[in-house]
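Please read the structure below before turning to the comments.
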Amino acid sequence: MENTEIIKTAKAKAEAWLNDAYDQKTREAVKKMLDAADSTELVDSFYNDLEFGTGGLRGIMGAGTNRMNIYTVGAATQGFANYINKVFPDAPHKAVCIGHDCRHNSRYFAETVAAIFSANGITAYLFEDLRPTPEMSFAIRELGCKGGVIITASHNPKEYNGYKAYWEDGSQLVPPHDKNVIEEVKKIKVTDIKFTPVKDKIVILGKDIDQKFLAKVKTLSLSPEAIQHQHDLKIVFTPLHGTTYELVPASLRNWGFTNITTVPEQMIPDGDFPTVASANPEEPAAFKMALDKAREINADLAMACDPDGDRIGIAVQNDHKEWILLNGNQTNIIFTYYIIRRRQELGLIKGNEYTIKTIVTSELLKEIAEKNGIPCYDVYTGFKWIADMIRKKGADGYIGAGEESFGFMPGSFTRDKDAVSSTSLMAEIAAWAKDNGKTLFTLLKEIYAEYGFSQEKMIYIVRKGLSGAQEIKNMMSEFRHNSPSSINGSRVVIKKDYADLKATDLTTGKVSPMDFPTTSDVLQFFLADGCKISVRPSGTEPKIKFYFEARAEMESIADFEKAQQIANQKVEGIIKDLNIQ
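Counting in the numbering used here, the sequence shown tops out at residue 2044, every number present.
Take a look at the structure:
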């Protein structure tokens, strides 16, 4: 489409926002864009529509159809309310739970959401102030709600905000509800949105839910005696200006820890995230202030949460007394090993236990579980699929689930990744390790020595625009239809294609169906030497992502650095052989 056509389309859509259905502040902002000599902001704000996808909404804040504002949030909420009323027409108690993070406009958007649900005859339980995402998920279940909404953009830049929709089990929407809600949202015009609140249908939630949530979190403790012995374990914690500033320290104290040091500058909730370039615990730079503090006090453990409190970052000292950030697979490996081992030691294994991991997460998790007689189920990326598996298998046997992107959920009382529970449990593991004369780093090496070493790496290639999208499509097609028979000198033994849900054993030619609820554009190659390669285009960005997992022998903890070197060489060899950097 010609540039003049794009400007013309954006202008026409913007002019429709000048009518009385929109508030004065919005109309003024739109008029300013229309009158500006440079049409860049106008086009960015109006040419596309911010789509309500399977995960909800996420975008830059501002006026326009392609921005997060009360009208795009309002349309999403009106459509969601219509769907809840359609699915539960005669429910005696029809309610939703609404939470929000520390971002600019988050409270305003949350109050707008509550007003719209109340105007549609649905009771809105609205938290009094910012709260972590897992607590909102817990509250949906605790209060018997039909759904919920959290206003957050996780660890996106400060200009962004987002809207995540949840169903009655406390999980983000999965089929058929995700697509059905999208269809309802698409029907909404601005004049359909009921913005006027029904006051007696808005109920404010406060400390009582916090206490119930923290009590549930404490039920996950498996070594209270180790905490008693090591209660003064030196813990450094930062919420990175986000929602866990109160609840994580409160939970740690509730478990019995008495020596918690926080990063004062980052304990202040602030949507500008002033002390970090990115408020993401996956980024080593986000840990700088916490690690400075950890060195200063000679801490045992440093932990960080992302702004909405669902991801956890862990830093420990290695054998050279250097602070290192564990990756998401390593934290999941420690959690899984510990939960299984302690349950066995305490006689808590009933025989119906299971764990869950996402398909791009380390296969070592599966091996740890299965070597202990516990099945581990694979699901797609995203905790909504973990919640879906719990729905199928039952909550009684659930003992933990994780994904490589710094998420773990140790309890089934929430149905989203839970950094509040995970921080307390990781502190307990550190105390238990110390009680046994070990550090967390030594424990990790012992797990590797027992189950085999695994090194993971993720890289992505960015290809922007229409030509970039086509290039990514061509790359996936090439991998799919001209699959390599060997990679880095190791034979490809199994190919899994999630687009048609078929697993092919390339040694025998046998094709087996895979049991997943829907198809997905993901390919996986398993090599004879134990390596795994996963390829998928990003659903939200112009990227194609490659996940590598390399294995190495490790007879004892003394072999750690040698195993790491061998595995890293394998990863680099795979990247070079596939010619993807």
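Quick reminder that beta carbons are idealized off the backbone N, C-alpha and C, glycines included.
For residue i, the nearest candidate out of the options (CA to CA)
| i | options | result |
| --- | --- | --- |
| Arg1740 | Pro1620, Ala1896 and Ala1689 | Here the sequence assigns Ala to residue 1740, which means Arg is not the residue at that position. The shortest C-alpha separation from Ala1740 is found at Pro1620. |
| Lys1557 | Ala1538, Gly1584 and His1567 | Gly1584 |
| Tyr1628 | Val1644, Ala1832 and Ile2037 | Reading off the sequence shown, one finds Ala at residue 1628, where the question assumed Tyr. Ranking the options by Cα distance to Ala1628, first place goes to Val1644. |
| Leu1828 | Ser1917, Asp1671 and Asp1486 | Ser1917 |
| Tyr1865 | Lys1855, Glu1646, Lys1847 and Asp1859 | In the sequence as displayed, the identity of residue 1865 is Gly instead of Tyr. Minimum Cα distance to Gly1865 is reached at Lys1847. |
| Lys1880 | His1640, Phe1871, Lys1652 and Leu1888 | Phe1871 |
| Ile1420 | Gly1625, Ala2026, Tyr1843 and Lys1920 | Since the first residue shown for the chain is 1464 and the last is 2044, residue 1420 is missing from the structure and cannot be characterised. |
| Phe1572 | Ala1554, Pro1555 and Asp1592 | Asp1592 |
| Val1955 | Ser1887, Ala1962, Phe1942 and Leu1964 | Phe1942 |
| Ser1983 | Glu1688, Ile1802 and Val1823 | Val1823 |
| Ile2043 | Asp1960, Arg1604, Ile1613 and Val1925 | Val1925 |
| Leu2023 | Gly1857, Leu1907 and Ala1578 | Note that residue 2023 is Phe in the sequence shown, not Leu. Of the listed residues, the one whose Cα sits closest to Phe2023 is Leu1907. |
| Phe1580 | Gly1542, Phe1590 and Met1939 | Gly1542 |
| Lys1662 | Gln1635, Val2034, Arg1716 and Tyr1588 | Tyr1588 |
| Lys1834 | Tyr1817, Gly1845 and Ala1850 | Tyr1817 |
| Gln1933 | Met1921, Ser1617, Lys2006 and Tyr1485 | Lys2006 |
| Ala1539 | Phe1876, Arg1521, Tyr1911 and Pro1639 | Arg1521 |
Close-in-space but distant-in-sequence residues of the same chain around residue i (CB under 8 Å, 5 per side omitted)
| i | result |
| --- | --- |
| Arg1758 | Trp1786 |
| Glu1504 | Met1496 |
| Ala1477 | Val1493, Met1496, Leu1497, Leu1505, Ser1508, Phe1509 and Gly1527 |
| Glu1909 | Lys1901 and Ile2020 |
| Asn1795 | Lys1820, Thr1824, Ser1825, Leu1828, Gly1865, Glu1866, Glu1867 and Phe1871 |
Delimiting residues of the alpha helix (DSSP H) encompassing residue i
| i | result |
| --- | --- |
| Asn1937 | Gly1928 to His1944 |
| Phe1798 | Gly1791 to Glu1808 |
| Leu1505 | Thr1503 to Phe1509 |
| Trp1848 | Phe1846 to Lys1856 |
| Leu1827 | Glu1826 to Lys1834 |
| Val1648 | His1640 to Lys1649 |
| Gln1888 | The displayed chain sequence assigns Leu, not Gln, to residue 1888. Note, Leu1888: alpha helix (DSSP H), Ala1882 to Asp1898. |
| Glu1866 | Run containing Glu1866: none in the alpha helix (DSSP H); it sits in the beta strand (DSSP E), Tyr1861 to Glu1866. |
Own chain, CB closer than 7 Å to residue i, minus 5 neighbours either side, in chain order
| i | result |
| --- | --- |
| Met1464 | Its pLDDT being 43, under 50, Met1464 is placed unreliably in this model, and the value from its coordinates should be taken loosely. Around Met1464: no qualifying Cβ. |
| Phe2064 | Here the chain has residues from 1464 to 2044 only, and residue 2064 is not among them. |
| Val1711 | Phe1700, Pro1702, Cys1768, Val1883 and Thr1886 |
Residues near residue i in its chain [Cβ-Cβ closer than 6 Å; skip 5 each side]
| i | result |
| --- | --- |
| Leu1789 | Ile1777 |
| Asp1992 | Ser1953 |
| Glu1745 | Phe1869 |
Outcome for residue i when other beta-carbon atoms lying within 10 angstroms are tallied against a minimum of 16
| i | result |
| --- | --- |
| Gln1691 | exposed |
| Ala1475 | exposed |
| Pro1732 | buried |
| Ile1667 | exposed |
| Glu1468 | exposed |
| Gly1952 | exposed |
| Trp1480 | buried |
| Tyr1641 | At residue 1641 the sequence reads Asp, which differs from the Tyr that was named. So Asp1641 ends up on the buried side. |
| Asp1671 | exposed |
| Asn1815 | exposed |
| Arg2014 | buried |
| Ile1760 | exposed |
| Glu1647 | buried |
| Ala1420 | The structure shown does not extend to residue 1420, since the chain spans only 1464 to 2044, so no value can be given for it. |
| Asp1501 | exposed |
| Pro1727 | exposed |
| Gly1863 | buried |
| Ser1714 | buried |
| His1783 | exposed |
| Val1559 | buried |
| Lys2068 | No information on residue 2068 is available, as it lies outside the stretch 1464 to 2044 that the chain covers here. |
Boundaries (first-last residue) of the beta strand (DSSP E) holding residue i
| i | result |
| --- | --- |
| Ala1778 | Ile1775 to Gln1780 |
| Trp1718 | Here Trp1718 belongs to no beta strand (DSSP E); instead the alpha helix (DSSP H) covers Leu1710 to Trp1718. |
| Phe1916 | Phe1916 to Val1925 |
| Ile1819 | Tyr1817 to Thr1821 |
| Met1872 | Gly1870 to Met1872 |
| Tyr1485 | No beta strand (DSSP E) contains Tyr1485, which DSSP labels as neither H nor E. |
| Thr1535 | No beta strand (DSSP E) holds Thr1535; the alpha helix (DSSP H) holding it covers Ile1533 to Val1550. |
| Gly1753 | In the sequence as presented, Gly is not what sits at residue 1753; that position holds Ala. It is not in any beta strand (DSSP E) - Ala1753 instead sits in the alpha helix (DSSP H) that spans Lys1751 to Ile1760. |
| Ile1723 | Ile1723 to Thr1725 |
Min CB distance residue i to chain C below 8 Å
| i | result |
| --- | --- |
| Ile1892 | Absent from the structure is chain C; it holds one protein chain and no more. |
Would you mind listing the beta strand (DSSP E) stretches within the segment 1557-1608 that are 3+ residues and don't spill past its ends, in chain order?
Correct list: 1558-1563 and 1586-1590.
Return the chain-ordered ranges of every beta strand (DSSP E) run that is complete within the segment 1653-1705 and spans a minimum of 3 residues.
Whole beta strand (DSSP E) segments, 3+ residues: 1665-1668 and 1698-1701.
What beta strand (DSSP E) runs, 3 residues minimum, are completely inside the segment 1958-2032?
Runs found: 1965-1968, 1974-1976, 1986-1990, 1995-2000 and 2006-2015.
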